[in-house]
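Chains as they are written, first to last, in this note's numbering: chain F, 80 to 385; chain W, 80 to 385.
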DNA sequence: ACGACCCCATAGGAAACGTCTATAGCTAGC
DNA sequence: GCTAGCTATAGACGTTTCCTATGGGGTCGT
């Protein structure tokens with residue numbers, strides 16, 4: 080069955096006239112007649128009664144009509160959906176993100192994205208990088224923003240480098256000193272967060288590689304709480320710069336540079352399934368936004384507007 | 080766009096494998112590949128990402144999927160609807176009927192019809208024959224049961240002859256006499272019904288043609304009331320036999336034969352639009368039921384079961 | 001009553017398309 | 001490196017589809 084036949088059926092049903100319908104469809108009248116005959120033959124029933132005045136629907140034709148309309152509408156809508164997706168003018172984008180990305184980077188990014196593509200519906204699934212990778216592999220998310228990961232089935236697009244910075248409360252002795260050494264840090268009370276997170280491991284191995292055994296005083300399961308603890312002078316912490324940008328600007332936390340230790344950072348990438356072909360539609364739109372953005376800008380966008 | 084392409088798309092999307100899908104659809108793998116290519120070319124977008132493992136949907140493919148399913152379902156349901164209509168196993172039948180037919184003949188007929196075709200939905204529109212004819216011409220009803228009418232756009236199928244019989248209350252002088260003449264009738268008080276109905280005109284001209292000027296005592300707008308009036312001895316009436324079958328059987332009314340007057344009757348026919356082609360589906364089913372029935376049986380069926 | 005017109009159906013030939021078999025190209029896994 | 005499993009491609013064959021031109025039937029206007 081050709082869709083052109085169904086379309087012809089509808090057009091003729093509407094106009095009650097093969098010649099006019101043919102003209103409207105830019106084919107000749109015999110062509111349209113043939114299509115109708117073919118459709119009737121396939122369905123095993125005349126859909127039209129031929130009269131002097133033209134074509135009238137038979138009972139069978141009337142019974143078939145709503146289904147024909149439904150089918151054509153479905154195809155038309157499907158085409159439109161593809162066009163929307165191609166121009167990314169509408170559709171759905173499901174993102175995965177590591178917690179720090181989700182909380183501190185995505186909001187500003189999505190604000191810009193929503194402004195550029197108001198008809199795209201966005202969903203975010205947050206989880207540790209490993210879990211988000213699994214979501215990606217199960218196709219529960221289309222694109223994920225996580226720390227650098229390796230897997231044969233994914234490809235990565237570098238986004239930005241997220242520095243871990245040492246923050247102390249205002250008025251802390253470190254805040255006044257121009258130079259702080261790693262040995263100084265080791266004597267401070269350190270606040271860690273989320274033992275299941277990769278940050279925990281990263282910071283731990285950082286200290287260990289420098290021969291420092293941190294005196295752990297507190298471990299929290301989220302960054303926000305860790306910041307609050309530092310603000311309340313319960314210790315100092317190594318936190319993602321994106322997570323403390325607001326507090327640094329508001330001067331409720333102070334960044335301290337450790338002079339005799341290498342910069343600690345983690346690469347954040349966007350990953351997607353390698354077998355999905357070229358990014359298309361909403362995913363491509365989002366990647367374009369990322370590409371147009373200065374990597375530093377992504378990482379430094381304030382987490383709260385203003 | 081071929082429906083076979085859409086179907087192929089769905090099958091491949093389900094199985095993720097062209098070869099298997101082709102096998103399931105009883106075509107060769109290159110054929111199905113060609114269909115997919117044609118569909119992708121027409122939609123201007125790859126629907127599948129080709130991988131070592133087989134075919135995976137792209138975002139575009141995923142976006143198109145629900146519409147493809149909807150379209151296929153619509154066509155499948157449409158086919159089923161036609162099959163239902165052809166076998167009259169389901170569907171809708173809209174009948175028009177004159178009041179006397181609707182009240183006294185249709186119930187028993189529809190009872191049998193509903194038993195034979197339980198999944199056919201039946202609707203009845205009642206009105207005077209002329210009005211029902213208009214409904215038919217406007218296609219508000221598919222088939223109408225009315226008195227014989229002439230119109231270039233309709234064709235008629237004879238159903239039965241409806242006799243008008245003279246009824247009197249039990250114990251009336253006529254009931255005991257073996258013979259009643261038209262002159263006797265003229266001296267009785269007559270009850271007519273519904274001046275707008277064709278029965279009124281029919282009975283009036285009947286008497287006039289016999290040179291009898293009836294002494295009209297009462298005119299009612301429906302047959303049921305007329306029967307009640309006769310039962311209450313307010314007069315006698317000429318009523319359709321189908322309308323008084325129950326009362327005659329229950330002996331609450333008595334039929335009297337007028338010996339010196341011709342039998343008065345009216346032909347009841349089924350009419351349908353001439354331009355509708357051969358009757359199909361539910362209409363054909365109903366006509367078959369009528370055809371199988373003895374005409375006399377139709378007209379004499381008791382109006383109330385029992 | 002007759003001719004002009006409008007409708008759909010049909011005929012025939014050219015072009016396009018779909019389908020097949022056979023084969024190539026590619027990758028993964030042994 | 002060979003095999004197995006996947007999709008893509010090539011070429012040939014048969015069918016279908018489309019066009020133009022024409023037929024046949026009925027209506028309407030003159």
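For glycine and all other residues, C-beta sits at the position ideal for the given N, C-alpha and C.
| Query | Result |
| --- | --- |
| C-beta atoms of residue 245/W and residue 159/W nearer than 9 angstroms | no |
| Whole-angstrom distance between residue 243/W and residue 40/W, CA atom to CA atom | A question about residue 40/W goes unanswered here, because the residues of chain W that appear run from 80 up to 385. |
| Delimiting residues of the beta strand (DSSP E) encompassing residue 319/W | 315 to 319 |
| C-beta neighbour in chain W for residue 97/F, strict 9 angstroms | no |
| Assumed close pair residue 155/F, residue 124/W - CB separation to whole angstroms, cut-off 8 angstroms | Not a contact, Cβ separation roughly 16 angstroms. |
| Start and end residues, beta strand (DSSP E) containing residue 346/W | 344 to 352 |
| Residue 373/W (DSSP reduced to helix, strand or coil) | coil |
| Proximal residues of chain F, C-beta to C-beta of residue 205/W below 8 angstroms | Result: empty, since nearest Cβ-Cβ is about 22 angstroms, beyond 8 angstroms. |
| Nearest-angstrom Cβ-Cβ length linking residue 194/F and residue 185/F, presumed shorter than 8 angstroms | Not a contact, Cβ separation roughly 14 angstroms. |
| Residues that residue 165/F contacts on chain W, provided the C-beta gap is smaller than 8 angstroms | 123, 124 and 139 |
| Contacts that residue 143/F makes with chain W (C-beta to C-beta distance below 9 angstroms) | 157, 158, 160, 161 and 164 |
| Beta carbon of residue 313/F nearer than 9 angstroms to that of residue 323/F | no |
| DSSP three-state assignment for residue 124/W, whether helix, strand or coil | coil |
| Residue interval of the alpha helix (DSSP H) (run including residue 279/W) | 277 to 288 |
| Buried or exposed (CB count within 10 angstroms, at least 16 for buried), residue 337/F | buried |
| Residue 332/W - DSSP class collapsed to helix/strand/coil | coil |
| Residue 267/W - DSSP class collapsed to helix/strand/coil | coil |
| Short Cβ contact (9 angstroms threshold) for residue 157/F with residue 150/W | yes |
| Short CB-CB distance (under 9 angstroms) between residue 85/W and chain F | yes |
| Short CB-CB distance (under 9 angstroms) between residue 103/W and chain F | no |
| Any alpha helix (DSSP H) of 4 or more consecutive residues that is wholly inside the segment 162 to 217 of chain F | 178 to 183, 185 to 195 and 208 to 216 |
| Where the alpha helix (DSSP H) containing residue 89/W begins and where it ends | 82 to 94 |
| Short Cβ contact (9 angstroms threshold) for residue 298/F with residue 279/F | yes |
| Same chain only: Cβ atoms within 6 angstroms of residue 327/F, ignoring 5 sequence neighbours per side | 334 |
| Chain W contact residues for residue 362/F, given Cβ-Cβ distances below 7 angstroms | 138 |
| Min CB distance residue 113/W to chain F below 9 angstroms | no |
| Contact with chain F by residue 370/W, beta-carbon distance below 9 angstroms | no |
| Same chain, Cβ closer than 6 angstroms to residue 224/F, five either side skipped, listed in chain order | 176, 180 and 349 |
| Chain-ordered neighbours of residue 130/F on chain W, where CB pairs are closer than 7 angstroms | 354 |
| Backbone CA spacing between residue 262/W and residue 284/W [nearest angstrom] | 16 angstroms |
| Collapsed DSSP secondary structure at residue 137/W in the structure displayed | coil |
| 9 angstroms Cβ cutoff, residue 202/F in contact with chain W | no |
| Contact set between residue 221/F and chain W, taken where Cβ atoms lie within less than 7 angstroms | 138 |
| Paired residues, beta bridge with residue 129/F - DSSP | 134/F |
| Selected residue, minimal CA-CA separation from residue 273/W, among 215/W, 265/W and 207/W | 207/W |
| Contact belief for residue 221/W with residue 353/W at Cβ below 8 angstroms, rounded distance in angstroms | So it is not a contact: roughly 13 angstroms between Cβ atoms. |
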